[in-house]
Amino acid sequence: MLVVCSQRDSVLLPAGGTAGRVSVLQRDVLQSYTSLEDFLTDAPKTLMFWFFQRRMSFLSQKTMQKWSRDRLDDYVLLPATNGFVTRTLCFFVSHFWHTKDDPDPNGKYLRLLQDTLRPQTWLYIWLDWTCAPQHPRTQVEQAYFLRTLQSVSGIIRNSGFVWYYPPFEPRLWILYEVAEYTLTCDGGLESITTANMRTFEDHVKEMLQIGVGPMLAKHGYRCTYEHDMKFLTSWLECLVVFKKLNIDIFDIRVLLDHMTWRQTAKELPVQTIKGRMKLRRYEGTFEFLGELHMFTPFPQSRKTDNEFANNEVGTLKR
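Sequential numbering of the sequence shown, starting at 163, is according to the working numbering.
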């Protein structure tokens with residue numbers, strides 16, 4: 163592994179072979195930025211990088227650290243492309259927000275996470291409060307925040323998954339995170355055994371049986387923002403369709419990568435060993451082996467930056 167630094171910004175890059183040639187491009191792009199402001203302005207438009215908190219910083223803090231441009235040495239920047247974020251190196255933290263201004267003001271759940279993760283081998287961790295700009299945000303922080311939100315599925319799919327949940331509440335972001343992880347890895351649902359996860363696990367299984375909409379209505383799942391409710395419902399319906407069709411996990415992950423990184427594409431064709439897949443996100447159709455399957459079409463427009471700026475925390479609030 164090669165750690166390349168550009169002033170106070172860092173990026174972890176794999177070396178050797180094709181990945182090594184790609185890493186040179188990533189490194190050169192990152193080193194072309196002369197300031198954090200330049201990076202936040204350009205990265206969402208070109209080659210995206212995610213902030214990940216370093217292991218030492220996470221394990222030594224007393225409360226969950228809010229993202230800050232004054233503590234950049236606590237982070238690495240990982241390229242938001244295949245092969246850089248892996249489950250052997252990185253963790254994604256799924257958690258509730260316990261107040262609107264701070265997800266864990268007393269550090270109660272942070273200490274549980276630290277106790278769980280300290281004996282394990284890993285290097286970097288992603289937690290929304292810590293790794294994405296929070297309210298109040300500047301205009302360039304807002305643009306970066308939105309791109310992070312749009313690509314968070316790539317972090318969940320490729321990282322290890324860690325959580326500590328309080329008594330169950332029907333929060334749709336949490337259900338989505340559980341489904342994104344468990345339905346995109348071999349043995350995902352069977353690997354979950356803890357009591358505080360079991361209700362979400364059962365509801366993912368119930369989605370596969372009765373459908374997403376009926377399950378969400380039955381248990382009263384909610385989201386802070388209506389657009390998120392629509393977007394996550396469509397995404398969950400896609401996950402259910404792929405799983406029920408017994409599509410290979412590798413092919414599911416390839417298709418989800420297309421959905422994550424080609425968000426303006428109306429049609430997403432993917433060739434597999436079994437045959438051609440084609441998803442039309444805004445029409446709500448998925449074609450596989452000559453059969454057409456339906457899901458709720460994705461919403462075509464996001465909230466404007468001004469609408470997000472007026473929210474106190476933003477749509478990463480759980």
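Here a beta-carbon is modelled for each residue, glycine too, at the ideal position from N, C-alpha and C.
Bridge partner(s) assigned by DSSP for residue i
i: F213; result: L239
i: Y286; result: R216 and C252
i: P431; result: K440
i: V324; result: V255
i: L454; result: E449
i: R104; result: For residue 104 there is no data in the structure shown, the boundaries of the chain being 163 and 480.
i: R333; result: R384
Where residue i falls, given that 16 or more other Cβ within 10 Å makes a residue buried
i: L187; result: exposed
i: A305; result: buried
i: T208; result: exposed
i: L454; result: exposed
i: M159; result: Residue 159 lies beyond the stretch modelled for the chain, which goes from 163 to 480, so this question has no answer here.
i: G437; result: exposed
i: A341; result: buried
i: A205; result: buried
i: Y444; result: exposed
i: I435; result: exposed
i: E429; result: exposed
i: G382; result: exposed
i: T344; result: buried
i: D290; result: buried
i: L451; result: exposed
Residue closest to residue i, alpha-carbon to alpha-carbon, out of the options
i: I280; options: S396, L401, A357 and R217; result: Note that residue 280 corresponds to Arg in the displayed sequence, not to Ile. With distances taken between Cα atoms, R280 lies closest to R217.
i: M359; options: G316, S396 and H257; result: H257
i: W229; options: P241, Q215 and S222; result: Q215
i: Y338; options: L398, A205 and Q301; result: L398
i: T458; options: T395, D410 and D290; result: T395
i: L251; options: T283, T278 and K270; result: T283
i: V402; options: F412, Q371, G382 and H420; result: Q371
i: S321; options: F213, L407, S197 and T248; result: T248
i: R273; options: D290, S222 and Q312; result: S222
i: D235; options: P241, F246, F220 and G245; result: F220
i: L239; options: F412, L192, Q227 and M456; result: L192
i: G245; options: K406, D364, D348 and I317; result: I317
i: D348; options: H365, I336 and K405; result: K405
i: Y237; options: G373, A294 and R384; result: A294
i: R333; options: Q433, G452 and C385; result: C385
i: R424; options: T196, H297, M369 and S315; result: S315
i: D232; options: G452, K270 and T292; result: T292
Neighbourhood of residue i by C-beta, 7 Å cutoff - its chain only, sequence neighbours within 5 removed
i: T243; result: none
i: F330; result: T361
i: P328; result: F258
i: L346; result: The residue you asked about is not Leu; residue 346 is Thr in the sequence shown. Taken in chain order, the residues that qualify are R319, I411, I414, R415 and L418.
i: S194; result: none
i: V374; result: T395, L398, E399 and V402
Same chain, Cβ closer than 8 Å to residue i, neighbours up to 5 away in sequence not counted
i: P267; result: T225, H260 and T261
i: V302; result: E199, L202 and T203
Neighbourhood of residue i by C-beta, 6 Å cutoff - its chain only, sequence neighbours within 5 removed
i: R183; result: Only weak support exists for where R183 lies, its pLDDT of 46 falling under 50; the value from the coordinates is given anyway. So the list is empty, once near-sequence residues are dropped.
i: P241; result: Q188 and F211
i: P431; result: K440
Residue i beta carbon near the ligand COA (any heavy atom closer than 8 Å)
i: W259; result: No copy of the ligand COA appears in this structure; indeed no ligand is present at all.
Could you give the uninterrupted runs of the alpha helix (DSSP H) lying entirely in the region 372 to 424, keeping only those of 4 residues or more? 374 to 381, 388 to 406 and 411 to 423
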